[in-house]
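This report concerns only the one structure given below.
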Amino acid sequence: MAILGRPARSHLLLALQLLISAAPAFCHQYKVGDLHAWGIPAVSNSQVYANWSKSHSFKLGDSLLFLYPPSQDSVVQVTRGAFDACNVTDPILHMDDGNSLFNVTSPGVFYFTSGSPGHCEKKQKLQISVLNANGSADAPSSADGPSALADISPSYSNVFGSIPAGQSSSSAPAAPRRPQGVPAIAAAMAVGLLACAGFM
């Protein structure tokens, strides 16, 4: 292997830097509530989910992990109107396995609450905004009502696939994802190998 001259090394480094910066961003799996997990918030920390949501930036490909005791709680995705009124009688999605994963597959505003009676009224509810490429969440106003929200919010079948006959509620497995960090990892490995070989 020939040793590259200074200009060639500079061009190689520039090319590798461009490759790394052009690589797609990694998707994240967020544990809802972090250490608080999914449950009725303490009276002293009733805004835990609102604050948690504000402290994160969600994007397409991310996922939300709701952890809770399955015999005591559940998660439902609802419309904005149902979220505001704590009405969980007609959810978009119902998950109750204690280890529920929601994959973000479209931009918009998503609303979640506990499916257990009385929990929503005790602030066990979460609203997240997922921005599209132009920086907008494309959320309808509250006056638009559930039908407008249904136009942009993914339904159960759009997010997770069809529900097998005989099942009324479950947390469907996450759809397989294409590895998105491979170009960045490959570029970093190439830089490391070049450095070890004495080219840098």
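Residue numbers (the numbering used here): 2 to 201. Note that beta-carbon positions come from the ideal geometry of N, C-alpha and C, so glycine has one too.
Exercise for review: Could you tell me which residues DSSP puts in a beta bridge with Y31?
Suggested key: Beta-bridge analysis with DSSP links Y31 to L65.
Review point. Is it the case that the Cβ atoms of F59 and W39 are separated by a distance below 7 Å?
Key: In this structure, W39 does not lie closer than 7 Å to F59 by Cβ.
Practice item. Report the rounded CA-to-CA distance for Q128 versus S47, giving the unit in angstroms. Key: Between the alpha carbons of Q128 and S47 lies a distance of about 14 Å.
Exercise for review: Go through its chain and collect everything with a Cβ distance to G62's Cβ below 6 Å, but skip five positions before and after it.
Suggested key: Its chain contains C28 as the residues whose beta carbon lies nearer than 6 Å to that of G62, once the 5 sequence neighbours on both sides are disregarded; these appear in chain order.
Check your understanding: What are the boundary residues of the alpha helix (DSSP H) that G82 is part of?
Key -> Where G82 is concerned, the enclosing alpha helix (DSSP H) stretches over R81 to A86.
Review point. With DSSP run on the structure shown, which of helix, strand or coil describes G119?
Key: It is coil, neither helix nor strand.
**Study point:** Opening and closing residue of the alpha helix (DSSP H) in which K126 lies
**Key:** Not the alpha helix (DSSP H): K126 falls in the beta strand (DSSP E), residues K126 to V131.
Review point. Is D35 buried or exposed, if buried means 16 or more other CB atoms sit within 10 Å of its CB?
Key: D35 should be labelled exposed.
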